[in-house]
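Single-structure report; data block below.
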Amino acid sequence: MEGSALPFSRGAGFTLGSNILYAISKLKSQVCELEEELKKKNILIKEKEVSATDLQSRCINLKNKIAYLDHELQNFKDKACSLDDELCKVHAKAKEQENHTENSKISYSAAATKMNGLFYKLCEQLQLSIENIKNQKLTTFESKIASEV
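Last residue of the sequence shown? That's 1446 in the numbering used here, and every number before it is there in order.
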């Protein structure tokens, strides 16, 4: 019996041992797969952390750029307002000069009209004076002739 039991136990032990080795091998393989999967997940987590940090950094950079561009925009708006004010002043000055020119034209025109009126009055007075002188000379000449006769 011993002889017959021994080979059976050896075979059973061998089968049991090979099953255990197979199970251990399978477990090792599963552990390796899980480790690989864990590494991949850790890498993904690290990448996500890096990308999250990178995104935060980019967000801060964009906020800084936006603040800078807002500042530049405000500077351009201020400059545009300043230029608009200067343009209004130039337009006002041009309008004032135009009005002054119009007033000068009116003043010149009024002065010319007044001078023209004075010229005609002077002409009338000269004609009257000439007629008076002629009349005086004529009267004097007639008196002289009358006294001689």
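Note that the Cβ used here is the ideal one computed from N, Cα and C, for glycine as well.
How would you label residue i, buried or exposed, when you count the other beta carbons within 10 angstroms and need 16 or more for buried?
i, result
"methionine 1298", "The pLDDT assigned to methionine 1298 is 40, lower than 50, so where the model puts this residue is not dependable; a value taken from the coordinates is nonetheless given after this. Flag for methionine 1298 reads exposed."
"isoleucine 1427", "exposed"
"aspartate 1367", "exposed"
"serine 1301", "The predicted model places serine 1301 with a pLDDT of 44, which falls under 50 and marks its position as unreliable; any figure quoted below should be read in that light. Classification for serine 1301: exposed."
"proline 1304", "Because proline 1304 carries a pLDDT of 45, less than 50, the predicted location of this residue cannot be relied on, and the following value inherits that uncertainty. Label assigned to proline 1304: exposed."
Residue ranges of each beta strand (DSSP E) run of no fewer than 3 residues wholly in the segment 1382-1436, ordered along the chain? none
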